[in-house]
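Here the structure is laid out as structure tokens; the discussion comes afterwards.
Protein chains: 2
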Amino acid sequence: MNAVIELLNSHRSIRKFTDQPIPQETLNTLVQAGQAAATSSFIQACTVIQVNDKDTRSQLVECSGGQVYVGEAPAFLVFCADMQRLKLACEMNDAEINAGFTEQFITATVDVALFAQNVSIAAESLGMGVAYIGGIRNQIARVSELLDLPELVYPVFGLCLGYPDQNPEVKPRLPVDVVLKQDSYNDNGNKETIAEYDKSVREYYQTRTGGNKEMTWSEQMSGMMIKEARPHMLNFLKEKGFLLK
Amino acid sequence: MNAVIELLNSHRSIRKFTDQPIPQETLNTLVQAGQAAATSSFIQACTVIQVNDKDTRSQLVECSGGQVYVGEAPAFLVFCADMQRLKLACEMNDAEINAGFTEQFITATVDVALFAQNVSIAAESLGMGVAYIGGIRNQIARVSELLDLPELVYPVFGLCLGYPDQNPEVKPRLPVDVVLKQDSYNDNGNKETIAEYDKSVREYYQTRTGGNKEMTWSEQMSGMMIKEARPHMLNFLKEKGFLLK
Chain A
19 MNAVIELLNS HRSIRKFTDQ PIPQETLNTL VQAGQAAATS SFIQACTVIQ
69 VNDKDTRSQL VECSGGQVYV GEAPAFLVFC ADMQRLKLAC EMNDAEINAG
119 FTEQFITATV DVALFAQNVS IAAESLGMGV AYIGGIRNQI ARVSELLDLP
169 ELVYPVFGLC LGYPDQNPEV KPRLPVDVVL KQDSYNDNGN KETIAEYDKS
219 VREYYQTRTG GNKEMTWSEQ MSGMMIKEAR PHMLNFLKEK GFLLK
Chain B
19 MNAVIELLNS HRSIRKFTDQ PIPQETLNTL VQAGQAAATS SFIQACTVIQ
69 VNDKDTRSQL VECSGGQVYV GEAPAFLVFC ADMQRLKLAC EMNDAEINAG
119 FTEQFITATV DVALFAQNVS IAAESLGMGV AYIGGIRNQI ARVSELLDLP
169 ELVYPVFGLC LGYPDQNPEV KPRLPVDVVL KQDSYNDNGN KETIAEYDKS
219 VREYYQTRTG GNKEMTWSEQ MSGMMIKEAR PHMLNFLKEK GFLLK
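The listed protein sequences correspond, in order, to chains A and B. Its first residue numbered 19, the first sequence is counted upward by one per residue in my numbering. Its first residue numbered 19, the second sequence is counted upward by one per residue in my numbering.
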């Protein structure tokens, strides 16, 4: 174990920040660290919108179901999967983009996530905390309109950044032998291991909430997975030119 | 700038490795660092298959279009988006999963990418090099069969790991002002900036290939984006229970 791995292992979402601002120069450094991540066939399909405008921020709080830290964080970035720039690259060479493939949706989305994880780690290495905000997909059409996103661009998630004003515990993860398999997928024993893990998650929530929340991982997951999951997504993405074939 | 950010900025894909093996304990440490990444609503939807079997490796070389380092790397991991484990969590609580939503496809895919980026950074911090292998999606159905992947699981990409036996240059990225925008998407000036960037990419390839390859970024992208992109993906994913609605 070294200092980098310790940093990675110490990640927890931060949702309360001090007033200390993040200089623009630092934000540029973070984004450049994001750009340094691997990119599928060099497509560089991530565009970041830094949202400074107070009114836009308030609207993004609403779009993400009232997560106030989206408005309060010293910096808020929206990470977009961007094939519009690839369309421009085609136009610059008198070529016509053949967009709409599911494969392209995957590569662009993965590009964005690798990029954002670098930004997060760079921020944490400077003593900041971050929280990913998938909640902006609650009202993804409104978010896209707010940020003037053209076709072939979609907002994957937001990221709150700032200096932590809280110190939450690291959440226990699944035992590694449920997650790492040798040579083939094999879920023998998963059920028993998850049942054990469920106990440690229950304890984590009990400790953290002073006994108010008592929930295992599998309970939490099943409560969520029986519901519809943002059923507007597919239509929205198709309208933006993704997932057509 | 600090040592972590320098590490992030020094990333380049490594495709040639020394014989030095990676102990299983180290691989477990890397995967646990992967697990420490943020996970959407705690779903922990990433499963990693470590492929040791020589025959499976050879077949994976074929599946990824003859990338020999997939067979040669001291370790090869396949990162899978896994909702099968969430189905199990539902079953453990007598609930029925409501799968097939595009939203779930996004969260699972993003989970995998954040996880893998942590694994990569942890590996690089220990002096290893990595290469993401999206090429396994060339023959994704065959890869899934080889690894016995059940429904609600798909292989997003592979990752070669090992100690570098080459020292390629870092590839120049797009200028930060093309990638980072203030308050709204705005591509004014992108074309001019990309035209400038094109020159530096051409130089990079010229230097790296001793003048044999002369290609700008926009040329490379347009050459690729006019083609079909793995048109089998959508059907395959639907058969696995993804992107149905």
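Ideal Cβ positions, reconstructed from N, Cα and C, are used throughout, including at glycine.
- Looking at the DSSP output, residue 64 of chain A shares a beta bridge with A/99.
- About 6 Å separates the Cβ atoms of residue 236 of chain A and residue 111 of chain B, confirming a contact at the 8 Å cut-off.
- Taking a Cβ-Cβ cut-off of 8 Å, the neighbours of residue 244 of chain B in chain A comprise 108, 113, 114, 115, 116, given in sequence order.
- Counting along the chain, the unbroken alpha helix (DSSP H) around residue 140 of chain A starts and ends at 120-143.
- The three-state secondary structure of residue 149 of chain B, taken from DSSP, is strand.
- Neighbours of residue 211 of chain B across chain A, judged by C-beta separation under 7 Å, do not exist; the nearest C-beta is about 11 Å away.
- Short of 6 Å from the beta carbon of residue 233 of chain A, and not among the five residues preceding or following it, lie these beta carbons of its own chain, in chain order: 223.
- Secondary structure remark: continuous beta strand (DSSP E) runs of at least 3 residues inside the stretch 160-225 of chain A, in chain order: 171-180, 198-200.
- A direct Cα-Cα distance of roughly 7 Å separates residue 239 of chain A from residue 61 of chain B.
- Excluding sequence positions up to five before and after residue 188 of chain A, its CB lies within less than 6 Å of the CB of 30, all in the same chain and listed in chain order.
- Remark: C-beta atoms of residue 176 of chain B and residue 49 of chain B do not approach each other more closely than 7 Å.
- DSSP lists B/182 as the bridge partner or partners of residue 35 of chain B.
- DSSP places residue 94 of chain B within a strand segment (E or B) once states are collapsed to three.
- Here residue 126 of chain A is near residue 101 of chain A, since their CB atoms are less than 7 Å apart.
- Comparing alpha-carbon positions, the option among B/117, B/147, B/123 lying closest to residue 26 of chain B turns out to be B/147.
- Rounded to the nearest angstrom, the gap between the Cα atoms of residue 227 of chain B and residue 86 of chain B is 20 Å.
- The Cβ-Cβ distance between residue 118 of chain A and residue 258 of chain A does not fall below 7 Å.
- With a beta-carbon spacing of about 6 Å, residue 198 of chain A and residue 68 of chain B fall inside the 8 Å limit used to define contacts.
- Interface annotation, residue 62 of chain A: in contact with chain B, CB-CB separation under 7 Å.
- Spatial neighbours of residue 76 of chain B in its own chain (CB-CB distance under 7 Å, excluding positions within 5 residues in sequence) are listed in chain order as 89.
- Sorting B/164, B/171, B/145 by C-alpha distance to the C-alpha of residue 38 of chain B places B/145 at the top.
- Between the alpha carbons of residue 190 of chain A and residue 190 of chain B lies a gap of roughly 38 Å.
- Residue 70 of chain B sits close to residue 201 of chain A, with the two beta carbons spaced by under 7 Å.
- Taken atom to atom, the span from the alpha-carbon of residue 174 of chain B to that of residue 109 of chain B is near 25 Å.
- In the structure shown, the three-state DSSP call for residue 86 of chain B is coil.
- Interface criterion not met: the Cβ of residue 231 of chain B is under 7 Å from no Cβ in chain A.
- The distance from the Cβ of residue 106 of chain B to that of residue 172 of chain B is about 17 Å, inconsistent with a contact at the 8 Å cut-off.
- In the three-state reduction of the DSSP assignment, residue 240 of chain B falls in the helix class, which pools H, G and I.
- Against chain B, the CB of residue 145 of chain A has no partner CB under 7 Å away; the residue lies outside that interface.
- Here the alpha carbons of residue 57 of chain A and residue 46 of chain B stand approximately 25 Å from one another.
- In terms of Cβ geometry, residue 133 of chain B and residue 178 of chain B do not form a close pair [threshold 7 Å].
- For residue 161 of chain B, none of the residues of chain A pass the 9 Å Cβ criterion, the least Cβ distance being about 11 Å.
- Counted as a single uninterrupted DSSP element, the alpha helix (DSSP H) harbouring residue 251 of chain A occupies residues 251-257.
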